[in-house]
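Each step along the sequence shown adds one to the number in full-length UniProt numbering, with nothing skipped, and position 131 is 131.
Glycine included, each C-beta is placed from N, C-alpha and C at the ideal position.
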Amino acid sequence: MSYPWSPGRSTAPRKAAGKSGRGAIRLILRTARTVFADRGYEVSIEKIARRSGVGMGTIYRHFPSKSALVEHVAVGVMAQASAEIERASEEEPDTWAAFTRVLRHMAQHRSGQMNGISYGWLTTNPDRLAEWAGVPTS
Numbered sequence: 001m002s003y004p005w006s007p008g009r010s011t012a013p014r015k016a017a018g019k020s021g022r023g024a025i026r027l028i029l030r031t032a033r034t035v036f037a038d039r040g041y042e043v044s045i046e047k048i049a050r051r052s053g054v055g056m057g058t059i060y061r062h063f064p065s066k067s068a069l070v071e072h073v074a075v076g077v078m079a080q081a082s083a084e085i086e087r088a089s090e091e092e093p094d095t096w097a098a099f100t101r102v103l104r105h106m107a108q109h110r111s112g113q114m115n116g117i118s119y120g121w122l123t124t125n126p127d128r129l130a131e132w133a134g135v136p137t138s
C-alpha cells in the first residue's frame with residue numbers, strides 16, 4: 001500500500017502464518033477501530049492489545065507501527081463507505097434515498113469518527129502532514 005504521505009514506506013500488515021494469523025489481523029483491526037473511535041488517536045497500542053486479548057508483540061508482528069495500524073483502520077472504513085455508496089446508488093430509487101441510506105450506514109458504523117483519528121495521525125508527524133499536503137520537505 002502506498003500513499004502520498006508514505007512514499008517508499010510499506011505499511012501493509014506483515015503476513016501471518018496460518019488461519020490464526022489472519023484471524024488475529026481481523027480481530028486487531030476490528031478492536032482498533034472501536035477503541036480509536038471511543039478514545040481517539042492518542043489511545044495506546046497496549047490498550048488495543050488488552051481489549052483484543054492479544055499481546056503487543058502480536059500487534060507489532062502484523063503492523064510495524066501505530067501509524068500503520070491507523071492507516072489500515074482508516075482504509076477499511078473508507079472501503080466500507082465506498083461500497084455502501086456504490087450499493088445505495090444502484091439500489092435506491094432516487095438520490096435522496098441513496099443519500100440518507102449512506103448517512104445511516106456511516107452513523108451506524110461510526111465512520112465519521114475516523115476524521116479526528118486521521119487528523120491526530122497526520123498531525124503527530126510534521127513530515128507526514130507536509131507530504132499529505134503536497135509541501136516539499138528537505
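Reduced DSSP secondary structure (H/G/I, E/B, other) of residue i
i, result
"V70", "helix"
"P136", "coil"
"G40", "coil"
"S65", "coil"
"R9", "Reliability of the predicted coordinates at R9 is poor, the pLDDT of 46 falling under 50, and no value is obtained from them."
"P93", "coil"
"H109", "coil"
"G55", "coil"
CB of residue i within 7 Å of CB of residue j, strictly
i, j, result
"V73", "I85", "no"
"S89", "A98", "yes"
"I45", "I59", "yes"
Buried versus exposed, by CB contacts within 10 Å (16 or more), residue i
i, result
"T31", "buried"
"H83", "Residue 83 is actually Ala in this sequence, not His. Burial call: exposed."
"S67", "buried"
"A79", "exposed"
CA-to-CA distance, residue j to residue i, given in whole angstroms
i, j, result
"A24", "M106", "25 Å"
"A49", "R33", "12 Å"
"K47", "Q108", "23 Å"
"V43", "G134", "28 Å"
"V70", "G21", "19 Å"
"D38", "V77", "15 Å"
"D127", "V75", "20 Å"
C-beta neighbour in chain C for residue i, strict 7 Å
i, result
"G53", "Absent from the structure is chain C; it holds one protein chain and no more."
Open item on the list: For the pair the region 89-96 and the region 46-53, tell me if three or more CB-CB distances fall below 8 Å.
Closed with: Segments in contact, no.
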